[in-house]
């Protein structure tokens, strides 16, 4: 397993509703990443389709694995690169049950997926109208260490990142489609999740305008001490490479030992109280 | 939340950039050749015209001046021309008086004393001219409605609000004034009292019965789910005034959400056909 590796944050703007075009964009970015000797390339939430697709989601959703996953697997195998991207996932058991899913593929092919647990349905968001929530965190053992996946609004719920970390994730990847008015929340939460879990967080946000919604970009890697190690531009497409060195975690874990000091009994209380909110 | 004028402060450079990006992106996606904006010489249309020019270049923006004899004001025309010159817009002036008179005379029951009905004909006639040029030249109609007017329903249905994009619709009037100052709209345009120019001497504040500085704080409070009592306490105003604004805001929803039908079938236009634009 590599202790040190390069991560590319592919902050793209999507062509809404056009999977073929977005697949081309993904392939181009991965080829660029390969030229930069990066080991993993991360794309935003729903990067296969765009975020504001509304009812078109029913015709765009695919099973995972499925045709688009297979296409991206091929790119991963050819370039020997890990790729994380987002797509609407159609359940294999029904015809219109869809998940907001993050997919991880690598040189060995399809590795795994994560279904977004917290679906925002307030303000401009209407995710519960279209998606079924996921019920499990996802951590995958790879040659780049243990990689956990979360999606956008999940980051507002510290228990998702915490559980992902407790399952062993050293690098938590958060793919996102966050509109501009929410920037300050995310900028705070990304570093907070990194610090409280003493883990690396790679956050990749969408850019561009979809149905009047402007996405702010600002993708970044936060180290276990919360420091921003690499950061993409605001509001425009960008491609940024940062380096992750897992040996940095040891020093932070001794300095701020948040995992050593965990108090599991509080979680029981939290469950009890949350049920009675 | 403290309802003070500072809550309406924004980073105006950021707002300008976001609006310009929005305009540019939509014109590009729709593959329009440019934008048409009706220029009244007032602050809202001046800001909409200037931002359009900043977004896609003044040579792709047509500023249309549509005076008519009852409300014709040479100062307003001069102000519209100032904006045209400063932001290098293309321009066209059409006197819509003959069209209006033809409409008035062709309606058997037309009542010249009913200034609201007559005024709304003017607003809808201006819309007709905007869309003629948009259609003819493959342009998008850029609306000039602001958030204060839109929330209050202070516009003509299918008239001045009719547009393909409304880039300043999420800014209250007092915010539009600040943005106008930031982007260099001449001070005398910013300072003069806003009017929809539907009849002579009409002013927006006179008709709304409240100053924009106060109205915008009330609307901001309502936007942020504050109660009538909370707003009234903070602004030291009678609850009845806040209630009146709230009722007017809620009562005007029919003007903002169009194409109402009753549900009869599987998916219905305007209800659960949830499609994206563009």
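Chains as they are written, first to last, in the numbering used here: chain A, 40 to 316; chain B, 584 to 861. A virtual CB, placed ideally from N, CA and C, is assigned to each residue, including glycine.
Query: Does DSSP classify residue 712 of chain B as helix, strand or coil?; Result: helix
Query: For a cutoff of 9 Å on Cβ pairs, would you count residue 175 of chain A as touching chain B?; Result: no
Query: Reducing DSSP to helix, strand and coil, say where residue 741 of chain B ends up.; Result: coil
Query: What is the DSSP secondary structure of residue 279 of chain A, reduced to helix, strand or coil?; Result: strand
Query: Please compile the residues from chain B whose C-beta is within a distance smaller than 9 Å of the C-beta of residue 92 of chain A.; Result: 859
Query: Strictly below 8 Å CB to CB, what residues from chain A border residue 604 of chain B?; Result: 248, 253, 274
Query: On a Cα-Cα basis, can you pick out the residue from A/217, A/184, A/225, A/190 that is closest to residue 206 of chain A?; Result: A/184
Query: Output yes if chain B places a C-beta closer than 9 Å to the C-beta of residue 145 of chain A; else output no.; Result: no
Query: Which value, in whole angstroms, describes the spacing of the CA atoms of residue 624 of chain B and residue 663 of chain B?; Result: 4 Å
Query: When you check each C-beta in the stretch 215-227 of chain A against every C-beta of chain C, which residues fall closer than 8 Å?; Result: The structure shown contains no chain C; its protein chains are A and B.
Query: For the stretch 131-158 of chain A, list every residue whose C-beta sits within 9 Å of some C-beta in chain B, in sequence order.; Result: none
Query: Do residue 171 of chain A and residue 136 of chain A have their C-beta atoms closer together than 9 Å?; Result: yes
Query: Can you tell me which of A/279, A/275, A/254 puts its alpha carbon nearest to the alpha carbon of residue 269 of chain A?; Result: A/279
Query: Hey, is residue 808 of chain B's beta-carbon within less than 9 Å of any beta-carbon in chain A?; Result: no
Query: Between which two residues does the beta strand (DSSP E) holding residue 20 of chain A run?; Result: It is not possible to answer for residue 20 of chain A, since the shown part of chain A is limited to 40 through 316.
Query: For the alpha helix (DSSP H) that contains residue 674 of chain B, what are its first and last residues?; Result: Per DSSP, residue 674 of chain B belongs to no alpha helix (DSSP H); it is in the beta strand (DSSP E), 673-676.
Query: Looking at the strands, I want to know which residues DSSP matches up with residue 141 of chain A.; Result: A/125, A/153
Query: If contacts are defined as beta-carbon pairs under 8 Å, then residue 680 of chain B and residue 719 of chain B qualify, I think. What distance do you get, rounded to the angstrom?; Result: Between residue 719 of chain B and residue 680 of chain B the Cβ distance is about 21 Å, and since that is not below 8 Å, they are no contact.
Query: Mind listing the chain B neighbours of residue 50 of chain A? Cutoff is C-beta to C-beta under 9 Å, in chain order.; Result: Chain B residues near residue 50 of chain A: none, gap ~15 Å exceeds 9 Å.
Query: Taking residue 776 of chain B as the reference, which of B/795, B/761, B/697, B/768 has the closest Cα?; Result: B/795
Query: With a cut-off of 9 Å, does the C-beta of residue 55 of chain A fall near any C-beta of chain B?; Result: yes
Query: Residue range of the alpha helix (DSSP H) that residue 759 of chain B falls in?; Result: 756-766
Query: Relative to the alpha-carbon of residue 622 of chain B, which residue among B/778, B/696, B/741 has its alpha-carbon at the smallest distance?; Result: B/778
Query: For the stretch 599-623 of chain B, which residues have a beta carbon sitting closer than 8 Å to at least one beta carbon of chain A?; Result: 600, 601, 604, 605, 608, 609
Query: Please compile the residues from chain A whose C-beta is within a distance smaller than 8 Å of the C-beta of residue 856 of chain B.; Result: 94
Query: When you compare only the Cα positions, how much space is there between residue 66 of chain A and residue 75 of chain A?; Result: 14 Å
Query: From the DSSP output, which residues share a beta bridge with residue 215 of chain A?; Result: A/244
Query: If we count Cβ pairs, one from each stretch, closer than 8 Å, do we get three or more for the stretch 233-241 of chain A versus the stretch 105-114 of chain A?; Result: no
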